[in-house]
Ligand code: ADP
Ligand code: ADP
Ligand code: MG
């Protein structure tokens with residue numbers, strides 16, 4: 081096993097990775113910006129290196145500083161977490177060139193799947209059903225119009241390098257299409273450094289269902305079942321649950337075998353998530369995330385597999401400890417993303433946390449990095465904590481989530497805790513199987 085791993089991230093995920101490393105007997109190196117010197121991920125790591133000022137391009141995205149930090153500390157591997165450099169193929173390649181292990185797939189996988197146009201093309205060739213749309217980057221307005229007419233309006237214009245729910249827009253007509261293309265291209269260039277765009281059929285009111293996979297270098301390609309991430313706002317996930325309610329097992333099993341087959345063909349390595357839209361009994365592939373996912377804990381709670389531990393082990397060349405037959409999800413798990421933002425206006429909130437009281441008790445897990453007196457900086461993602469409630473049944477998990485949302489106290493800054501309570505109390509959520517548009521359509525009346 082590695083002796084020392086550098087964690088190239090911050091916040092709750094850096095804390096989560098630190099825990100897995102400690103349990104494996106690996107010593108850890110935290111990196112941080114100037115604003116993060118008092119952050120929990122720095123406090124709990126064995127060593128830490130300040131790698132630059134607060135803006136992310138000067139710190140958490142600064143590949144050269146991170147590699148220097150590995151050299152100074154003698155770290156042999158880098159865990160990128162999610163966001164930041166986790167899906168950056170040149171970073172993975174740079175590490176390889178410096179004889180450091182990137183805890184993730186091969187850089188060729190990141191490259192292929194990071195380009196969403198190419199990812200869909202590859203998956204289609206492997207027999208994965210995809211969302212209808214353009215199979216290459218849009219080069220002219222005329223091409224965009226032809227494709228849109230072929231698949232029928234409304235269509236979605238998407239940035240090939242997009243992520244985090246950014247870089248996409250629905251258009252209803254040819255006029256709107258003409259107006260929107262340059263806007264999305266500009267946005268894509270400034271956010272993702274790449275202005276390639278593509279067009280997809282806009283699927284009306286689908287669900288978001290994703291499949292977790294894990295693969296090693298010894299010919300083992302496993303799926304760890306699915307998650308339902310349909311509770312979204314602005315294409316960003318708010319609540320996730322596993323397993324997905326109301327989809328029959330036969331359909332799911334068919335999808336899993338398609339996913340596993342595609343991973344085999346790609347010779348994929350490590351953790352990955354294949355994201356699908358689900359509508360009228362059909363699945364349509366959207367994209368693959370070649371990294372640890374924010375919502376991985378719900379899968380961990382159901383399968384009792386420590387995904388981060390396994391991710392580190394397979395990156396080191398070990399075999400997955402279990403087999404497909406032994407992956408048996410049990411019960412139901414729900415994750416609420418607690419963000420620093422107003423429950424009503426969603427304005428990001430920063431400031432000092434007063435009293436912090438975490439919920440606890442049977443079936444409750446809280447992944448966080450906050451503590452009483454912690455000053456939440458305004459430079460970064462506003463995810464404060466993930467509350468994961470697990471129960472015997474879906475209803476049991478909902479009840480546990482609700483009682484723990486009543487227990488948790490985060491004073492001093494605004495959070496979306498109230499929104500979570502309203503969602504979990506709503507009749508539609510209780511019934512299950514709502515679409516990705518449900519939250520936004522009902523947010524004011526909840
Ligand atoms: P998940 O599917 O794991 O929930 P999200 O889409 O919520 O992933 O993204 C996780 C984090 O990574 C968020 O902080 C998001 O802003 C960031 N992120 C994802 N993709 C990109 C990207 N292409 N560029 C920049 N940030 C990204
Ligand atoms: P990101 O890389 O930002 O996660 P995705 O392609 O995964 O981008 O899309 C994010 C979300 O946007 C999806 O979870 C879904 O809610 C919505 N979405 C994406 N593609 C479509 C589509 N073709 N039709 C309808 N909704 C879509
Ligand atoms: Mg996505």
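Numbering (the working numbering), first residue to last: 81 to 526. Virtual Cβ for every residue (Gly too), placed ideally from N, Cα, C.
Handout entry: Within 6 Å of ligand 3: residues by beta-carbon to any heavy atom
Key = 355 and 367
Problem - Cβ pair residue 369, residue 352 closer than 8 Å - result: Reading the chain shown from its first residue, position 289 is the one you call residue 369. Reading the chain shown from its first residue, position 272 is the one you call residue 352. Yes, they are a contact pair.
Problem - Three-state class that DSSP yields for residue 294 in the structure shown - result: Translated into the one-based positions of the chain shown, residue 294 becomes position 214. Strand.
Handout entry: 8 Å CB neighbourhood of residue 519 in its chain, flanking five on each side removed
Key = Along the chain shown, one-based indexing puts residue 519 at 439. Counting only Cβ-Cβ distances below 8 Å, and skipping sequence neighbours, we find 311, 312, 313, 318 and 503.
Handout entry: Opposing strand residues paired with residue 110 [DSSP bridges]
Key = Residue numbering aside, residue 110 sits at position 30 when the chain shown is read from its first letter. Answer is 87 and 128, bridged to residue 110.
Exercise for the section: State the DSSP-derived secondary structure class of residue 236, mapped to helix, strand or coil. Expected result: Position 156 of the chain shown, counted from the first residue, corresponds to residue 236. Here residue 236 sits in strand by DSSP.
Problem - For residue 368, three-class secondary structure by DSSP - result: Position 288 of the chain shown, counting from 1, holds the residue named residue 368. Here residue 368 sits in strand by DSSP.
Exercise for the section: Could you tell me if residue 384 is buried or exposed, where buried requires 16 or more neighbouring beta carbons within 10 angstroms of its beta carbon? Expected result: The sequence position of residue 384 within the chain shown is 304, counting from 1. That one is exposed.
Handout entry: Euclidean distance between Cα positions of residue 262 and residue 197
Key = The residue labelled residue 262 in the question sits at position 182 within the chain shown. The residue labelled residue 197 in the question sits at position 117 within the chain shown. About 18 Å.
Practice task
Using only the heavy atoms of ligand 2, determine whether one of them is closer than 7 Å to the beta carbon of residue 315.
Solution key: Position 235 of the chain shown, counting from 1, holds the residue named residue 315. Checking the Cβ of residue 315 against ligand 2 gives yes.
Exercise for the section: Have a look at 223, 188 and 238 and flag the residue whose alpha-carbon is nearest the alpha-carbon of residue 275. Expected result: As a first step, residue 275 is located in the chain shown; it is residue number 195 there, counting from the start. Among 223, 188 and 238, the Cα nearest to that of residue 275 belongs to 238.
Handout entry: residue 230: CB within 7 Å of a non-hydrogen atom of ligand 2
Key = As a position in the chain shown, residue 230 is number 150, starting the count at 1. Outside the cutoff, so no.
Practice task
Go through the segment 292–344 residue by residue and report every complete run of the beta strand (DSSP E) that reaches 3 residues or more, in order.
Solution key: 301–313 and 316–322
Exercise for the section: Flag this pair as yes or no: are the beta carbons of residue 510 and residue 488 separated by less than 8 Å? Expected result: Stepping through the chain shown from its first residue, residue 510 is reached at position 430. Stepping through the chain shown from its first residue, residue 488 is reached at position 408. Not a contact, by the Cβ cut-off of 8 Å.
Exercise for the section: Note down the Cα distance separating residue 432 from residue 498, rounded to an integer number of angstroms. Expected result: The count along the chain shown starts at 1 and reaches residue 432 at position 352. The count along the chain shown starts at 1 and reaches residue 498 at position 418. Those two C-alpha atoms are separated by around 20 Å.
Problem - For residue 333, the nearest candidate out of 186, 231 and 304 (CA to CA) - result: The residue given as residue 333 occupies position 253 in the chain shown. Of the listed residues, the one whose Cα sits closest to residue 333 is 304.
Exercise for the section: Answer yes or no: the CB of residue 169 versus the heavy atoms of ligand 2, is any distance below 7 Å? Expected result: Taking the chain shown and counting its residues from 1, the one referred to as residue 169 is at position 89. No, ligand 2 has no heavy atom inside 7 Å of this Cβ.
Handout entry: Buried or exposed (CB count within 10 angstroms, at least 16 for buried), residue 323
Key = By one-based count along the chain shown, residue 323 stands at place 243. That one is buried.
Practice task
With a threshold of 16 other CB atoms inside 10 Å of the CB of residue 268, please say whether the residue is buried or exposed.
Solution key: Locating residue 268 in the chain shown gives position 188, where the first residue counts as 1. By the 10 Å Cβ count, residue 268 comes out buried.
Exercise for the section: Name the two residues that bound the continuous beta strand (DSSP E) containing residue 445. Expected result: The residue you call residue 445 lines up with position 365 of the chain shown. Note, residue 445: beta strand (DSSP E), 444–448.
Handout entry: Contact set for residue 389: own chain, Cβ-Cβ below 7 Å, skip 5 residues either direction
Key = Taking the chain shown and counting its residues from 1, the one referred to as residue 389 is at position 309. Cβ neighbours of residue 389 beyond the five flanking positions: 100, 103 and 104.
Exercise for the section: Using the Cα positions of residue 399 and residue 300, report the straight-line distance between them to the nearest angstrom. Expected result: Translated into the one-based positions of the chain shown, residue 399 becomes position 319. Translated into the one-based positions of the chain shown, residue 300 becomes position 220. Straight-line Cα distance between these residues: approximately 8 Å.
Problem - Rounded separation between residue 357 and residue 154 - CA only - result: Here residue 357 refers to the residue found at position 277 of the chain shown. Here residue 154 refers to the residue found at position 74 of the chain shown. The alpha-carbon atoms of residue 357 and residue 154 are separated by roughly 43 Å.
Exercise for the section: Over the uninterrupted alpha helix (DSSP H) stretch that includes residue 194, give me the two end residues. Expected result: Locating residue 194 in the chain shown gives position 114, where the first residue counts as 1. Unbroken alpha helix (DSSP H) run through residue 194: 187–194.
Problem - Sequence ranges, alpha helix (DSSP H) only - wholly within the segment 247–298, length at least 4 - result: 254–272
Problem - Paired residues, beta bridge with residue 437 - DSSP - result: Here residue 437 is taken as the residue at index 357 of the chain shown, counted from 1. In DSSP, residue 437 forms a bridge with 489.
Practice task
Using only the heavy atoms of ligand 2, determine whether one of them is closer than 7 Å to the beta carbon of residue 211.
Solution key: Taking the first residue of the chain shown as position 1, residue 211 is located at position 131. Yes - ligand 2 has a heavy atom lying nearer than 7 Å to the Cβ of residue 211.
Exercise for the section: Quick one: residues in its chain with C-beta nearer than 7 Å to the C-beta of residue 203, no 5 flanking neighbours on either side, listed in chain order? Expected result: For the purposes of this step, residue 203 is taken as the residue at position 123 of the chain shown. Counting only Cβ-Cβ distances below 7 Å, and skipping sequence neighbours, we find 210, 342 and 365.
Practice task
Measure the Cβ-Cβ separation of residue 416 and residue 335 and say whether it is below 8 Å.
Solution key: Taking the chain shown and counting its residues from 1, the one referred to as residue 416 is at position 336. Taking the chain shown and counting its residues from 1, the one referred to as residue 335 is at position 255. Against a cut-off of 8 Å, the Cβ pair of residue 335 and residue 416 comes out as no contact.
Exercise for the section: With hydrogens ignored, establish whether the beta-carbon of residue 306 is closer than 7 Å to any heavy atom of ligand 2. Expected result: Mapped onto the chain shown, residue 306 falls at position 226. No - ligand 2 has no heavy atom lying nearer than 7 Å to the Cβ of residue 306.
Problem - Close beta carbons around residue 31, own chain, < 6 Å, minus the five adjacent residues each side - result: Residue 31 is absent from the structure shown; the chain starts at 81 and stops at 526.
Handout entry: Where residue 96 falls: helix, strand or coil (DSSP)
Key = Here residue 96 refers to the residue found at position 16 of the chain shown. Three-state result, residue 96: helix.
Problem - residue 198 Cβ short of 7 Å to ligand 2 heavy atom set - result: Taking the first residue of the chain shown as position 1, residue 198 is located at position 118. Every heavy atom of ligand 2 is 7 Å or more from the Cβ of residue 198, so no.
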